[in-house]
Amino acid sequence: MVGRSESLEAIAGAHFEVVVIGGGITGAGVALDAASRGYSVALLEGRDYAIGTSSRSSKMVHGGLRYLENFDVGLVREALLERQLMVELAPHLVYPTPFLVPTFGEEKPDRMIGLGLNAHDVLAGATGGRNRRERRWRRRPAEAEESWSPDRHRTIDRDEVVELIPSLDKRDPESAYLFYDCQTDDVRLVLTVLGEAQRFGAVCLNGAKVTRVLEKNGKARQVEFTEAASGETVMVEADNIVNATGVWADQIRPGEIEREEDIPRIAPSRGAHLLFSTDDVDMGKAACVVPAGEGRRIFALPWYGRTLVGTTDVDHDGGIEEVAATEDDIEYLINATNEFMDLSLTESDIVGAYAGVRPLISTGDPRKSVDISRQAELYETSSGMLTITGGKLTTWRRMAKQTVDRIVERAGREARCQTAEIPLGMEIDPAELDAPEGVGKESLAQLTFRYGHAARGVIRLAQADPELAKPIVEGMPDLMAEAQIAIEFEQARSLADVLLRRTRLGLTAASSLATAESVEPLATVMARGLGWGDIEKKRQVDDWFETLKAEGLNPAGA
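Here the sequence shown stands for residues 1 to 558, numbered as in my numbering.
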């Protein structure tokens with residue numbers, strides 16, 4: 001990506017055919033789609049890329065098996081098609097994971113789940129060949145006949161269950177349904193899509209808080225924003241303005257709204273997640289569907305060397321800038337995990353936690369949010385501003401296509417969507433990286449997952465400066481060189497930007513980042529890269545501790 005100063009210079013006072021407000025996965029997708037169709041594009045993000053829902057998901061690219069219970073077949077089919085495409089377009093970043101639904105003792109496999117999995121198989125186009133797992137994802141879309149395809153679900157015996165998920169050994173499982181879904185790093189997916197958008201000419205800027213959308217001759221034509229570093233007000237001209245701010249979508253309004261139905265009414269739903277050490281919850285090689293009472297289910301998944309447990313799905317009536325898991329959320333997730341896996345986890349075992357709010361669209365339906373469809377909705381005001389919201393991480397590309405299709409349609413242009421054919425980064429084998437002294441295989445594997453071919457740039461920095469070859473957190477594979485990359489190429493401006501959204505250490509190792517000593521090495525590297533003096537460096541460290549507290553990242557140390 002291009003640095004902030006270059007992006008600001010290119011945007012200030014300029015004219016673009018499309019201006020996108022919002023730097024989450026939907027905004028990034030719109031920017032890529034529009035730029036790849038030949039539009040000039042600027043994207044403005046108020047704080048940091050993926051700072052909202054796009055960094056707080058369950059880290060899954062999936063069909064949504066539970067939506068079949070609501071007979072939302074169209075949404076599931078759409079999501080499964082997108083899942084397949086993401087595995088092909090981003091093979092280093094979106095990967096298949098086996099999921100288990102175990103049974104214990106005398107209980108029989110849940111027949112309704114079995115029927116749901118049959119439908120899931122049909123909608124996904126699952127095959128019967130077990131060896132397809134070994135061939136999996138390493139293909140381009142043009143070679144679709146050789147691309148990864150999920151196996152049909154099957155029933156496995158006790159030995160295979162325990163081999164896949166050692167934590168279930170104490171429960172002495174009888175058998176399990178096994179099916180496949182996919183996982184990712186949600187923020188890295190956003191950054192990768194933004195990088196591709198910039199390759200097609202889009203200009204992206206974070207720290208650009210939009211304050212007004214202005215009209216000319218009754219049409220939304222100008223966007224005014226405050227630039228974070230200087231506090232200055234900046235104006236940019238646009239032929240088309242797209243509001244892709246997710247849970248903030250109903251707060252962006254151009255002039256007078258003639259009809260309230262022209263903009264969405266957001267009903268936020270909070271999803272909380274906890275992370276545990278694999279010493280406490282060893283998920284081994286697979287994820288697990290965990291019953292959580294009253295017909296609800298949560299997931300326990302292996303992710304970045306930790307076990308991720310979530311999610312809740314409850315109405316959220318608090319602030320949406322900084323969202324934390326509540327005591328009830330934490331108790332609910334711990335109790336469900338303990339009961340299912342016969343464990344004795346407490347808050348003190350949590351190594352990290354996070355919560356986010358989903359931008360569900362209010363329909364006046366009195367049912368709980370878990371029963372509301374995640375279908376995306378496109379709104380258009382009388383002044384022409386487009387708002388795209390709803391949906392989910394998996395379906396970002398379709399949401400973007402729907403939005404840009406409308407821009408093309410009303411302009412009478414011919415410009416087909418190309419995002420189904422645009423690779424998202426390039427994969428690389430860890431063995432191709434020349435690791436400097438002290439950088440182990442775990443770091444190399446993580447770098448190739450996170451950056452793909454661009455991992456070479458991280459390694460070059462680590463080779464040139466031994467200080468950058470050191471870990472950000474002792475015992476974790478993330479390198480100081482990644483902080484330097486974040487500053488130079490990913491517009492990172494704070495410790496939280498690096499710890500929460502360039503690496504994921506603020507989630508996977510929050511309990512190890514709760515003292516000034518623990519973040520001092522990172523603060524020093526960032527101070528050097530961003531020109532902070534001692535006073536600013538201390539302020540940034542203090543800001544990190546405020547974020548740690550406000551977002552409830554470290555419940556064990558609360």
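Cβ coordinates follow ideal geometry from the N, Cα and C atoms, glycine included.
query                                                                                                     : result
CB-CB length for Leu117 against His153, believed under 8 Å                                                : 4 Å
Inter-stretch contact (C-beta, 8 Å, three-pair minimum) for the stretch 12 to 19 and the stretch 38 to 51 : yes
Beta-carbon separation (whole angstroms), Ala514 vs Ala324, contact threshold 8 Å                         : Incorrect: roughly 15 Å between the Cβ atoms, too far for contact.
In DSSP terms, what Lys209 is bridged to                                                                  : Thr226
From Ile113, Leu65, Glu88, Glu174, residue whose alpha carbon lies closest to that of Arg123              : Arg is not the amino acid found at residue 123; the sequence shown has Leu there. Of the listed residues, the one whose Cα sits closest to Leu123 is Leu65.
Exposed unless 16 or more other CB atoms sit within 10 angstroms - verdict on Arg539                      : exposed
Beta-bridge pairing of Asn240 - partner residues as DSSP gives them                                       : Val18
Cβ shell of Gly557 (< 7 Å), same chain only, five flanking positions each side left out                   : Ser511, Ala514
Selection from Pro96, Gly105, Glu107 that minimises the alpha carbon distance to Ala126                   : Pro96
Span separating the alpha-carbon of Cys288 from that of Thr389                                            : 30 Å
Enclosing alpha helix (DSSP H) for Phe299 [first to last residue]                                         : Taken as a continuous stretch (DSSP letters only), Phe299 belongs to no alpha helix (DSSP H), being part of the beta strand (DSSP E) at 297 to 303.
Unbroken alpha helix (DSSP H) run spanning Glu339, endpoints                                              : 327 to 341
DSSP bridge partner residues for Glu215 (one or two, in chain order)                                      : Ala220
The stretch 339 to 351 contacting the stretch 489 to 505, beta-carbon criterion three pairs below 8 Å     : no
Expected contact under 8 Å - CB spacing of Ser36 and Gln418 to nearest Å                                  : 5 Å
CB of Pro166 within 7 Å of CB of Asp342, strictly                                                         : no
Backbone secondary structure at Arg265 - three-state DSSP                                                 : coil
Cutoff 8 Å; reference Ile428; Cβ partners in own chain excluding five residues on either side             : His92, Thr448, Gly452, His453, Ala455, Arg456
DSSP bridge partner residues for Cys288 (one or two, in chain order)                                      : Leu100, Ala300
Cutoff 6 Å; reference Ile372; Cβ partners in own chain excluding five residues on either side             : For Ile372, the pLDDT reaches just 47, beneath the cut-off of 50, and the residue's location in the model is therefore unreliable, leaving the point undetermined.
Separation of Glu437 from Ala79, as counted between CA atoms                                              : 43 Å
Cβ pair count under 8 Å reaching 3, the stretch 302 to 322 against the stretch 190 to 201                 : no
Exposed unless 16 or more other CB atoms sit within 10 angstroms - verdict on Thr381                      : buried
Range of the contiguous alpha helix (DSSP H) that encloses Arg158                                         : 158 to 164
Among Arg56, Thr326, Gln402, Pro555, the one whose alpha carbon lies nearest that of Asp186               : Arg56
Terminal residues of the alpha helix (DSSP H) in which Ile11 lies                                         : 4 to 11
Cβ distance (whole Å) where Leu444 is taken to contact Pro430 below 8 Å                                   : 4 Å
C-beta atoms of Gly22 and Ala208 nearer than 7 Å                                                          : no
Ala244 CB to nearest heavy atom of the ligand ADP below 6 Å                                               : The model on display carries no ligand, and the ligand ADP is accordingly not part of it.
Nearest-angstrom Cα separation, counted from Val404 out to Arg158                                         : 50 Å
Backbone CA spacing between Asp72 and His120 [nearest angstrom]                                           : 12 Å
Burial state of Asn217, where buried means 16 or more other Cβ atoms lie within 10 Å                      : exposed
Burial state of Ala400 (16 or more Cβ within 10 Å)                                                        : buried
Beta-bridge partners of Ile388, as assigned by DSSP                                                       : Leu378
6 Å CB neighbourhood of Glu442 in its chain, flanking five on each side removed                           : Pro477
Residue burial classification, Lys285 (beta-carbon count within 10 angstroms, cutoff 16)                  : exposed
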